[in-house]
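Q:
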Amino acid sequence: MRLALLLLCLAAPLAGQSVRSRLEGRVPAPSVPVLDSLIAIAAAEHLPTEPLIQKAIEGGTKDVPGERIERAVALDVEQLRRAQALLVRAGDAPPVTPVEVTSVAWALKRGLAPPMVEHVVAALPNQPRSSAFHAIADLVAHGFSADSAADLILAAVREGVHGLRLLDVSGAAVQELQRGSTHADALARVRAGLPNVPATPPPARSAVEGARRPAAPAQKP
Amino acid sequence: MNPIDPTIHKVLDGEIGPEALSPAQRRDADRLGAAAALLAAAPVGASVEQRVMAAIQRPAPSAGRRLVRWALRPHAVVLRMRPVWSLALVASILLLAVLPSPEAGLQLGDEEGIAQFVGRFPGARSVHVVGSFNDWGPVSIPLEDRDHDGVWRAAVVLPEGTHEYMFVVDGERWVVDPLAGRFVADGFGRENSLLIVRSLRR
Amino acid sequence: MDVGEGPSDAEVVARVLSGEREAFGLLIRRYEPGLLRYATRMLGSRDAAADAVAEGLVRAYRHLASCRDPERLRTWLYRIVTNRCKSHMGRRPTGDVSLDDAPPIADPGDTEAALERAEALALVERALMTLSPEKREAFLLKHVEDMSYEEMAAATGERIPTLKMRVHRAREALLEALKEYQ
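Residue numbers (our numbering), protein chains in the order written: chain A, 143 to 363; chain B, 16 to 217; chain C, 23 to 204.
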């Protein structure tokens, strides 16, 4: 696979200098051209590149061998392609936006099945779906079946709950579970209360006032 | 080990109804039920689907190769940071020590929110958070244990959206955030914590 | 639900056995949350659980033809993962093995309540780990995975009277441990 990737390096259009400069010093040197090329290919296909750069840098920080980083980034490119194809299949007009490709990729990464993801995309034609996917995935992670999770979240959307408020819906169901309800009862209770779900309380004033911004990453000499 | 009343067992096995229990027996049954509910409600780790599908695409190894693979399988789970980043970590701690403390009246953009990082690490000398929001280090974000009670905290302004991250304890031990509630495979055989930041304005 | 409950386990198994490898993904997504939850509690470590469940699922794929009753796929999968867990328990090195600290909960808007819940859960987990593996397995399958004694018998290969005894002893041991920690 590595030889194939190296050959692709020669064929691919030149990557932006900024990508290479972000990788240099952060990933094993022999992997820089391979990763640069993978990211350039993704860019040429109108796939989001920032998640790929982040994955490469993450691997470098975690001291992962170069070949393993290359494999992980290549798999992520594949997943982004699948996300892009899924969006088109579900009815989004091409070119699909990088934001939506990223949100579908997250849904797949968190274990949601492609037919389910497609269904959610089609059910929410003109709005961002990221929160809906995360809310469904949160419920699945707590033992709700994927079908009943999607059912609840889409019901919430129909009742006028949108965007990050959908995380309050999944959060409410999980809280019911933590109080000792069965999964079925938890879903029923939250559904009966729609569109009213308790909002996640905002951070305390002391937290807001004491908050820092992350310092900018060190500039390369 | 103290045996408990057989009535409790019968109720918990569904053989008779809970009305058969005395108040004290009810308390014991409820305690067990609450313990089970806590265990059932806790979220699971990252999906293993990608790992499994990749493995089944490969042909099954012979017994000899299986033995070699087992011997080569990494058992260490403590990921050590590369030494150069440890130096950068020290540098970033010093840098922050000389900076003025954050001023009141912090102005947030429309698409920014506050991430509250909290973790209990008694005995730790330092705890930092590293993730997709700061290019996975080297200038990482320190948590503080102001009360010296082993509870480390930081509030950080981050863009609205999805972020992957981990804690780094004592400059070298990588851990997922114990309170994250969301996990995703990192593609390198481990997991990251996942955080969704919500704008305070919307 | 509009998407429908999806194909039955027996249908998916038939598809996989006829060569449709990708269909196995459906079974993974259907069962991995429960299997991960169970393995995490058995082994006390999310990483070890991920390994045990991944290995178990790969093994299940390779031996899918030997699953005699696809209608009872769930208990068959639990049986395989239980064996993987036993194998992991046998080979776990001592020392700083687990990356896990207090277990997580959903979206903590209130960080103090979140810490309290995490500690309550940590207490239960600690109590659970004082049980022998057989009792732990019995308690988890009965009260967390919600299996009937018949299903547990299929998942463990043990007789129902044996399992009942283990569950009863597990409840007693857990209650005692919880009282001691609180």
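Ideal Cβ positions, reconstructed from N, Cα and C, are used throughout, including at glycine. Every value quoted in this text rests on a predicted model; they were computed, and no experiment measured them.
For the beta strand (DSSP E) containing GLU159 of chain C, name the first residue and the last one.
A: Note, GLU159 of chain C: premise wrong, no beta strand (DSSP E); alpha helix (DSSP H) at 155–161.
Q: In three-state DSSP terms, what is GLN65 of chain B?
A: Residue state, collapsed to three classes: helix.
Q: Could you name the residues of chain B that HIS284 of chain A contacts, counting a contact when the two beta carbons are closer than 7 Å?
A: Ordered by position in chain B, the residues that pass the 7 Å Cβ test against HIS284 of chain A are ALA56 and PRO58.
Q: Closest Cβ-Cβ distance between LEU99 of chain C and chain B: below 8 Å?
A: Chain B contact via Cβ: absent.
Q: When the Cα atoms are used, what is the spatial distance from PRO236 of chain A to HIS284 of chain A?
A: Rounded to whole angstroms, PRO236 of chain A to HIS284 of chain A spans 35 Å at the Cα level.
Q: Quick one: what does DSSP say PRO174 of chain B is sitting in, helix, strand or coil?
A: Strand, per DSSP.
Q: In the DSSP assignment, find the alpha helix (DSSP H) that holds GLY313 of chain A and state where it starts and stops.
A: Here the alpha helix (DSSP H) through GLY313 of chain A covers 307–320.
Q: Can you give me the start and stop residues for the alpha helix (DSSP H) that SER109 of chain C sits inside?
A: First-last of the alpha helix (DSSP H) with SER109 of chain C: 95–113.
Q: Would you say ARG210 of chain A lies against chain B (beta-carbon separation less than 8 Å)?
A: Chain B contact via Cβ: present.
Q: Return helix, strand or coil for PHE203 of chain B, following the three-state DSSP convention.
A: Three-state result, PHE203 of chain B: coil.
Q: Closer than 7 Å by beta-carbon distance: list the chain B residues that pair up with GLY322 of chain A, in chain order.
A: Within chain B, the residues near GLY322 of chain A are GLY48, ALA49 and ALA52.
Q: Does GLU301 of chain A come out as helix, strand or coil in the three-state DSSP assignment?
A: The answer is coil: DSSP assigns GLU301 of chain A none of H, G, I, E or B.
Q: In the DSSP assignment, what are the bridge partners of GLN131 of chain B?
A: According to DSSP, which records beta bridges pairwise, GLN131 of chain B is partnered with B:ALA170.
Q: Can you list the residues of chain C that HIS178 of chain B reaches, using a CB-CB cut of under 9 Å?
A: Ordered by position in chain C, no residue passes the 9 Å Cβ test against HIS178 of chain B, which lies about 14 Å from the chain.
Q: Which of helix, strand or coil does DSSP assign to HIS261 of chain A?
A: Looking at HIS261 of chain A - three-state DSSP - the assignment turns out to be helix.
Q: PRO343 of chain A to LEU215 of chain B, Cα distance in whole Å?
A: The straight-line gap from Cα to Cα measures roughly 11 Å.
Q: Cutting at 6 Å between CB atoms, please list the residues of its own chain near PRO193 of chain B, excluding the five before and the five after it.
A: For PRO193 of chain B, where only same-chain residues beyond five positions count, the Cβ hits under 6 Å are GLY134.
Q: I'd like the list of long-range same chain contacts for ARG95 of chain B, defined as Cβ closer than 7 Å, with 5 residues on each side in sequence excluded.
A: Residue placement at ARG95 of chain B is flagged as unreliable, the pLDDT there being 42, under the threshold of 50; a coordinate-derived value is accordingly withheld.
Q: Run through chain A and tell me which residues come within less than 7 Å of SER62 of chain B, C-beta to C-beta.
A: Chain A residues near SER62 of chain B: ARG252 and GLY253.
Q: Between which two residues does the beta strand (DSSP E) carrying VAL190 of chain B extend?
A: Per DSSP, VAL190 of chain B belongs to the beta strand (DSSP E) from 188–190.
Q: Output yes if chain B places a C-beta closer than 8 Å to the C-beta of PRO55 of chain C; else output no.
A: By this cut-off, PRO55 of chain C is an interface position.
Q: From the DSSP secondary-structure annotation, give me the bridge partner or partners of GLU179 of chain B.
A: Paired residues: B:LEU209.
Q: When you compare the stretch 58–68 of chain B with the stretch 74–83 of chain C, are there three or more beta-carbon pairs, one atom per stretch, that lie closer than 8 Å?
A: The stretch 58–68 of chain B vs the stretch 74–83 of chain C: in contact.
Q: For GLU34 of chain B and ARG161 of chain B, what's the separation of their Cα atoms in angstroms?
A: Their Cα atoms are separated by approximately 50 Å.
Q: Determine the chain B residues that contact ILE102 of chain C at a beta-carbon separation under 9 Å, and present them in chain order.
A: Near ILE102 of chain C there are no residues of chain B at all, since even the closest Cβ is about 12 Å away, more than 9 Å.
Q: What residue does the beta strand (DSSP E) around HIS143 of chain B start on, and which one ends it?
A: Taken as a continuous stretch (DSSP letters only), the beta strand (DSSP E) holding HIS143 of chain B covers 142–146.
Q: Within the 8 Å Cβ cut-off, does ALA124 of chain C reach chain A?
A: With a pLDDT of only 39 at ALA124 of chain C, under the threshold of 50, the placement of this residue in the model should not be trusted, and no figure is reported.
Q: Using the Cα positions of ARG193 of chain C and ASP289 of chain A, report the straight-line distance between them to the nearest angstrom.
A: Those two C-alpha atoms are separated by around 33 Å.
Q: Mapping DSSP to helix, strand and coil, what is PRO157 of chain B?
A: The answer is strand: DSSP assigns PRO157 of chain B an E or B state.
Q: Quick check on ARG46 of chain B: does DSSP put it in helix, strand or coil?
A: Here ARG46 of chain B sits in helix by DSSP.
Q: Distance cutoff 8 Å, beta carbons only. Does TRP167 of chain B sit that close to anything in chain A?
A: Cβ-Cβ to chain A under 8 Å: no for TRP167 of chain B.
Q: The alpha helix (DSSP H) spanning THR203 of chain A covers which residue range?
A: Here the alpha helix (DSSP H) through THR203 of chain A covers 192–203.
Q: Strictly by DSSP, which residues pair up with ARG354 of chain A?
A: DSSP lists B:VAL171 as partners of ARG354 of chain A.
Q: From the DSSP output, which residues share a beta bridge with GLU166 of chain A?
A: GLU166 of chain A is bridged to A:VAL169.
Q: Look up PHE198 of chain B in the DSSP assignment and give the residues it is bridged to.
A: For PHE198 of chain B, which the question treats as bridged, DSSP gives the partners B:SER208.
Q: Give the single residue among C:MET151, C:MET187, C:SER170 and C:ALA87 whose Cα lies nearest to the Cα of THR62 of chain C.
A: Of the candidates C:MET151, C:MET187, C:SER170 and C:ALA87, the one whose C-alpha sits nearest the C-alpha of THR62 of chain C is C:MET151.
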